[in-house]
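Residue numbers (mature numbering (1 follows the signal peptide of the UniProt record, and there is no 0)): -23 to -1, 1 to 373.
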């Protein structure tokens, strides 16, 4: 690894990476349309962001609870579409808004060398301004269900929630094609899935936190607010019991790639409507909806009275949020009801949308589900790497 020496040397190296990226092998990640609503209503989103600037201060929670040994990173809720936290990279720090994403394992942010329109709308990292930056000389390409990034691998100090992660591998984008990233409310993504899903030869952020002895327990947890901009948090190294009621129900991870578990069934009024006989589900904080096999989700849309709109989304009568029964996800013998007020989402101008969507070709297994933010707003979730299990409890 080499430290950069000057602008001319950097540009020579970056131009070489641009050429190399044309022949990269794509690494597929389970990502689905977690931000498509903000493209549909981008004019509204722009107005929203102008009234709520990126540098909104979070004062509702301490970064570190020394009594519990927990490090907290507050996240801002953007219209129930995405939960975004702030990290910094480099010395001195350069700040970025990122999705803390349990559906991927890599960290990346835009670079000052990126030529895509998306990068012009977001914070970009300048390697020449960081005394701790190191390059790897390796081009990378990441593919998500809603977009892609091509760039190069680097190393630098990453800070968030009171934690200081040195020599962390991360990606810097050179290209972010498509409209999705252009209008995204975040700059980059910080993946929290298993290292087996990460770029070959790299150590993900969470694994580095543990290896460097920065956290006392090998776990992290999420609390996602409902509609409120503030109050959401991801915590590292411990669990704050004030965020949930009752006991945590532990479910073993069925495959150490995503945070994947075995689900028993999905039912309504005591009748199984999906996952009959069992199926697999991925717990994904980077996905806003409940994602399932196309034919099964279509049947659910019919049951709840959803009709496909010209844009391909399913529109529901808003009154149905008060009349339809719960849809119950049964996991490891425990029922997790999702009420209609959660799986029917109110959009702009009095339009309501189904919280279910079809997986298409984005899942590795055709009968798998992704339990995104619609589910996670209801249930506080602990991701325990030491014991390879997921804890679920009713969020308060």
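Quick reminder that beta carbons are idealized off the backbone N, C-alpha and C, glycines included.
*Determine the DSSP secondary structure at residue 188, reduced to helix, strand or coil.*
For the purposes of this step, residue 188 is identified with residue 211 of the chain shown, where counting begins at 1. Residue 188: helix per DSSP, three-state reduction.
_Limits of the unbroken alpha helix (DSSP H) element including residue 150_ = Working through the chain shown from its first residue, we reach residue 150 at position 173. The continuous stretches of alpha helix (DSSP H) do not include residue 150, which lies in the beta strand (DSSP E) extending over residues 140 to 152.
*According to DSSP, what are the bridge partners of residue 78?*
If you number the chain shown from 1, residue 78 lands on position 101. 168, per the DSSP bridge assignment.
*asked:* Does residue 156 come out as helix, strand or coil in the three-state DSSP assignment?
replied: Sequence index remark: in the chain shown, residue 156 carries index 179 (1-based). Helix.
_Bridge partners for residue 237 per DSSP, in chain order?_
Locating residue 237 in the chain shown gives position 260, where the first residue counts as 1. Note: residue 237 sits in a beta bridge opposite 232, 259.
_Same chain, Cβ closer than 7 Å to residue 374, neighbours up to 5 away in sequence not counted_ = Shown here, the chain extends from -23 to 373; a query on residue 374 therefore has no answer.
*In three-state terms, what does DSSP make of residue 118?*
Indexing the chain shown from 1 puts residue 118 at position 141. Three-state DSSP puts residue 118 in a strand.
*From what residue to what residue does the beta strand (DSSP E) around residue 304 run?*
Position 327 of the chain shown, counting from 1, holds the residue named residue 304. Residue 304 -> beta strand (DSSP E) spans 304 to 308.
_Residues near residue 194 by beta carbon distance below 6 Å, same chain, minus five either side_ = Taking the first residue of the chain shown as position 1, residue 194 is located at position 217. The beta carbon of residue 194 sits closer than 6 Å to those of 214, 215, all from its chain and outside the five residues before and after it, given in chain order.
*Just confirm the distance between the C-beta atoms of residue 133 and residue 322, as a whole number of angstroms; I'd bet it's less than 8 Å.*
In the chain shown, the residue the question calls residue 133 occupies position 156. In the chain shown, the residue the question calls residue 322 occupies position 345. Actually they do not touch by this definition, with Cβ atoms about 38 Å apart.
*asked:* My assumption, with CB atoms under 8 Å, is that residue 220 sits in contact with residue 373. Please give the rounded CB distance.
replied: Mapped onto the chain shown, residue 220 falls at position 243. Mapped onto the chain shown, residue 373 falls at position 396. With a Cβ gap of about 6 Å, residue 220 and residue 373 count as contacting.
*Say whether the region 363 to 372 touches the region 224 to 237, bearing in mind that this needs 3 or more beta-carbon pairs closer than 8 Å, one atom from each stretch.*
yes
*With distances taken from CA atoms, which of 84, 206, 182, 98 is nearest residue 197?*
Start at 1 with the first residue of the chain shown, and residue 197 comes out as number 220. Selected option, being the one with the closest Cα: 182.
_Rounding to the nearest angstrom, what Cα-Cα distance links residue 355 and residue 285 in this structure?_
As a first step, residue 355 is located in the chain shown; it is residue number 378 there, counting from the start. As a first step, residue 285 is located in the chain shown; it is residue number 308 there, counting from the start. Approximately 26 Å between the Cα atoms of the pair.
*Where residue 281 falls: helix, strand or coil (DSSP)*: The residue given as residue 281 occupies position 304 in the chain shown. Of the three classes helix, strand and coil, the one that applies to residue 281 here is coil, per DSSP.
_For the beta strand (DSSP E) containing residue 209, name the first residue and the last one._
Taking the first residue of the chain shown as position 1, residue 209 is located at position 232. Taken as a continuous stretch (DSSP letters only), the beta strand (DSSP E) holding residue 209 covers 209 to 213.
*asked:* Checking 7 Å against the spacing of the C-beta atoms, do residue 117 and residue 128 come in under that value?
replied: Residue 117 sits at position 140 when you count from the first residue of the chain shown. Residue 128 sits at position 151 when you count from the first residue of the chain shown. Their beta carbons are under 7 Å apart, which means residue 117 touches residue 128 by this criterion.
*Within 10 angstroms of the Cβ of residue 76, are there 16 or more other Cβ atoms? Answer buried if so, exposed if not.*
One-based indexing of the chain shown puts residue 76 at position 99. Flag for residue 76 reads buried.
*Straight-line CA distance for residue 217 to residue 260?*
On the chain shown, residue 217 is found 240 positions in, with the first residue counted as 1. On the chain shown, residue 260 is found 283 positions in, with the first residue counted as 1. Answer to the nearest angstrom: the Cα atoms are 20 Å apart.
*Can you tell me whether DSSP reads residue 71 as helix, strand or coil?*
Stepping through the chain shown from its first residue, residue 71 is reached at position 94. In the structure shown, residue 71 sits in a strand (DSSP, three-state: E or B).
*Cβ of residue 47 within 7 Å of Cβ of residue 212?*
By 1-based counting over the chain shown, the position of residue 47 is 70. By 1-based counting over the chain shown, the position of residue 212 is 235. The answer is yes: Cβ separation under 7 Å.
*Looking at residue 209 and residue 54, is the spacing between their C-beta atoms short of 7 Å?*
Looking up residue 54 in the chain shown gives position 77. Looking up residue 209 in the chain shown gives position 232. Contact flag set, yes.
_Give me the DSSP bridge partner(s) of residue 322._
Taking the first residue of the chain shown as position 1, residue 322 is located at position 345. Bridge partners of residue 322: 330.
*Who pairs with residue 129 in a beta bridge, going by DSSP?*
Taking the first residue of the chain shown as position 1, residue 129 is located at position 152. Answer is 116, 149, bridged to residue 129.
*Same chain only: Cβ atoms within 7 Å of residue 146, ignoring 5 sequence neighbours per side*: Your numbering for residue 146 matches position 169 in the chain shown. So the qualifying residues of the chain are 130, 132, 179, 180.
_Unbroken beta strand (DSSP E) run spanning residue 361, endpoints_ = Here the question's residue 361 lines up with position 384 in the chain shown. Here the beta strand (DSSP E) through residue 361 covers 356 to 361.
*Take residue 86 and list the residues in its own chain whose beta-carbon comes closer than 6 Å to its own, dropping the five residues that flank it on each side.*
Here residue 86 refers to the residue found at position 109 when the chain shown is read from its first residue. Once the five neighbours on either side are set aside, the close Cβ partners of residue 86 are 73, 102, 164, 165.
*Have a look at 324, 297, 344, 71 and flag the residue whose alpha-carbon is nearest the alpha-carbon of residue 255.*
Within the chain shown, residue 255 is the residue found at index 278, counting from 1. With distances taken between Cα atoms, residue 255 lies closest to 344.
*When burial is assigned at 16 or more other CB atoms within 10 Å of the CB, is residue 299 buried or exposed?*
For this step, residue 299 is matched to residue 322 along the chain shown. Classification for residue 299: exposed.
_Do residue 332 and residue 267 count as a contact pair if the criterion is CB distance below 7 Å?_
Here the question's residue 267 lines up with position 290 in the chain shown. Here the question's residue 332 lines up with position 355 in the chain shown. Yes; because the gap between Cβ atoms is below 7 Å, this pair is in contact.
*Just confirm the distance between the C-beta atoms of residue 274 and residue 335, as a whole number of angstroms; I'd bet it's less than 8 Å.*
The residue labelled residue 274 in the question sits at position 297 within the chain shown. The residue labelled residue 335 in the question sits at position 358 within the chain shown. The Cβ separation is near 5 Å, so the contact holds.
*Thinking C-beta only, is residue 66 closer than 7 Å to residue 135?*
As a working note, residue 135 is residue 158 in the chain shown. As a working note, residue 66 is residue 89 in the chain shown. Yes.
*Taking residue 83 and residue 148 to be in contact with their CB atoms under 8 Å, please state how far apart those CB atoms are, rounded to whole angstroms.*
As a working note, residue 83 is residue 106 in the chain shown. As a working note, residue 148 is residue 171 in the chain shown. Correct: roughly 6 Å between the Cβ atoms.
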